[in-house]
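Residue numbering for the sequence shown follows this note's numbering, beginning at 891 and increasing consecutively.
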Amino acid sequence: MFDFIDLIYLVIDIHSSINVNINDLIQIIDDAIKTLENERQAGSMAGGKVNGGLVELQIPGKIVIIGDIHGDLKSFFKVLYDINFEEFLVDPNNKVIFLGDYIDRGNNSIEVLYSICYLKQKYPNSVILMRGNHEAPVEFPFSSHDLPHKIIEYYGERWGKLIYTKKILRFFRLLTITILIHDQLLLVHGGLPTEDIGSIIDLKRSIASAQENHIHNKILEEILWNDPLRSPTKRDWDFSKRGIGKLFGINISRKWLNISRTKVVVRGHEPCQGFKIDHNGMVMTLFSCKQAYPNFEAAYLMMSGKQLKSIHDGIDLSNYVTKIF
Ligand SMILES: [Mn+2]
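Below, the structure is given as structure tokens:
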């Protein structure tokens, strides 16, 4: 196996790419799967309480949140370099949270997949990987999912299909759907579901079971695909141009934040100038890739637990956003 640190310098300095050997890829996905399965069995993921798709975390020592990567290895490695990732991740009080959408669209989906698996198995106590719509169950087909084709192109028809169906899809199923950070943040990939919820118990139950119920209700689809509704309207939600998922309105944001006793929804999913704020500061979007979106910017969030405790809304939170490049 190659030295991960050398790789980072290589990609950032020389704009090089990596060739991930088939055995290395299988090994690292297996290691990540084993790590995630062990965590689920123990009921504890990266120091938080895990129940199905939900992870509940206390305020960490320091936190980094990374939005969509979409195969942009260079932007991803630049973040790791900037945060001094080895020193950061070796401390189990610090957390790096990925909002999902690691693959598709960019040039280096396989290398990004390799790298997130590497980070999870190497630093299980500090890394949480969330599920994006590009890591959705196969019952949600969509045209921009190019990873399966790339895998076959790289490793051939027989091995490619096998790695995708037996390894990668199994890995995707183990990813986290929602994270609650005590009193402060509610994290999802896309947005809040429009289904009516009455209490914190309701909310936790529907998220925890979102995965197993994804055929019977819309919770998983909406968490992975929804976007915030922009224009002021009396409607609680609207249909989405994506043809899947919905647009959730400000009333839904207010309700979910009240019930979960948190202050800001942090999500990825939409290209923007690194970050954007919706619903009067109740929703922050974070986007961390540039390669496939040259007209937009990439950014990540980094702050201490003390700073996190002091924020009241997404506008406060935006003080801790750093642009990549
Ligand atoms: Mn997305």
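For glycine and all other residues, C-beta sits at the position ideal for the given N, C-alpha and C.
Label residue i either buried or exposed according to how many other C-beta atoms from any shown protein chain fall within 10 Å of its C-beta, with 16 as the threshold for buried.
{"i": "Lys1124", "result": "exposed"}
{"i": "Glu1225", "result": "As displayed, the chain neither begins before 891 nor continues past 1215, which places residue 1225 out of reach and without an answer."}
{"i": "Arg995", "result": "buried"}
{"i": "Asp1117", "result": "buried"}
{"i": "Asn1023", "result": "buried"}
{"i": "Ile1091", "result": "exposed"}
{"i": "Asp1073", "result": "exposed"}
{"i": "Asn998", "result": "buried"}
{"i": "Arg1021", "result": "buried"}
{"i": "Ser1150", "result": "buried"}
{"i": "Arg1157", "result": "buried"}
{"i": "Ala1026", "result": "buried"}
{"i": "Pro1031", "result": "exposed"}
{"i": "Ser1089", "result": "exposed"}
{"i": "Glu1111", "result": "buried"}
{"i": "Gly961", "result": "buried"}
{"i": "Asn928", "result": "exposed"}
{"i": "His1106", "result": "exposed"}
{"i": "Ser1005", "result": "buried"}
{"i": "Phe966", "result": "buried"}
Would you say the beta carbon of residue i comes nearer than 6 Å to a heavy atom of ligand 1?
{"i": "Gly1139", "result": "no"}
{"i": "Gly996", "result": "no"}
{"i": "Gly1022", "result": "yes"}
{"i": "Asp1168", "result": "no"}
{"i": "Asp991", "result": "yes"}
{"i": "His960", "result": "no"}
{"i": "His1035", "result": "no"}
{"i": "His1159", "result": "yes"}
Pick from the options: whose alpha carbon is nearest that of residue i?
{"i": "Lys1056", "options": "His1035, Ile993, Val1028 and Gly1164", "result": "Val1028"}
{"i": "Ser1178", "options": "Ile912, Asp958 and Asn913", "result": "Asp958"}
{"i": "Leu1077", "options": "Pro982, Ile1201, Thr1152 and Met1192", "result": "Thr1152"}
{"i": "Pro950", "options": "Lys1196, Tyr1210 and Phe1215", "result": "Lys1196"}
{"i": "Leu1093", "options": "His1072, Asp1128 and Trp1146", "result": "Trp1146"}
{"i": "Asn1170", "options": "Ala1188, Ser1200, Arg1120 and Gln1181", "result": "Arg1120"}
{"i": "Ala844", "options": "Val969, Leu963 and Asp914", "result": "The question about residue 844 has no answer, for the chain in this structure spans 891 to 1215."}
{"i": "Ser1208", "options": "Val1173, Pro1184 and Asn1185", "result": "Val1173"}
{"i": "Glu1187", "options": "Thr1212, Asp914 and His1202", "result": "Thr1212"}
{"i": "Lys1108", "options": "Arg1144, Leu1052 and Gly1135", "result": "Gly1135"}
{"i": "Val1154", "options": "Gly1204, Gly1139 and Trp1115", "result": "Gly1204"}
{"i": "Arg1095", "options": "Leu1075, Leu1114, Ile1067 and Phe1129", "result": "Ile1067"}
{"i": "Arg1048", "options": "Leu1198, Ile912 and Ile918", "result": "Ile912"}
Checklist entry - Counting Cβ pairs, one atom from each stretch, are 3 or more of them under 8 Å apart for the stretch 920-929 and the stretch 1154-1170? => result As far as the Cβ criterion goes, the stretch 920-929 does not touch the stretch 1154-1170, which means the pair count is below three.
Next on the checklist: Across the stretch 979-997 and the stretch 1011-1027, are there enough close Cβ pairs to call them in contact, namely three or more that are closer than 8 Å?
Outcome noted: Yes, the stretch 979-997 touches the stretch 1011-1027.
Checklist entry - Counting pairs of Cβ atoms below 8 Å between the stretch 1019-1039 and the stretch 984-1002, do you hit three or more? => result Result yes; three or more Cβ-Cβ pairs closer than 8 Å.
Checklist entry - For the stretch 1099-1107 against the stretch 941-956, are there 3 or more C-beta pairs whose distance is under 8 Å? => result With the cut-off at 8 Å, the stretch 1099-1107 and the stretch 941-956 touch.
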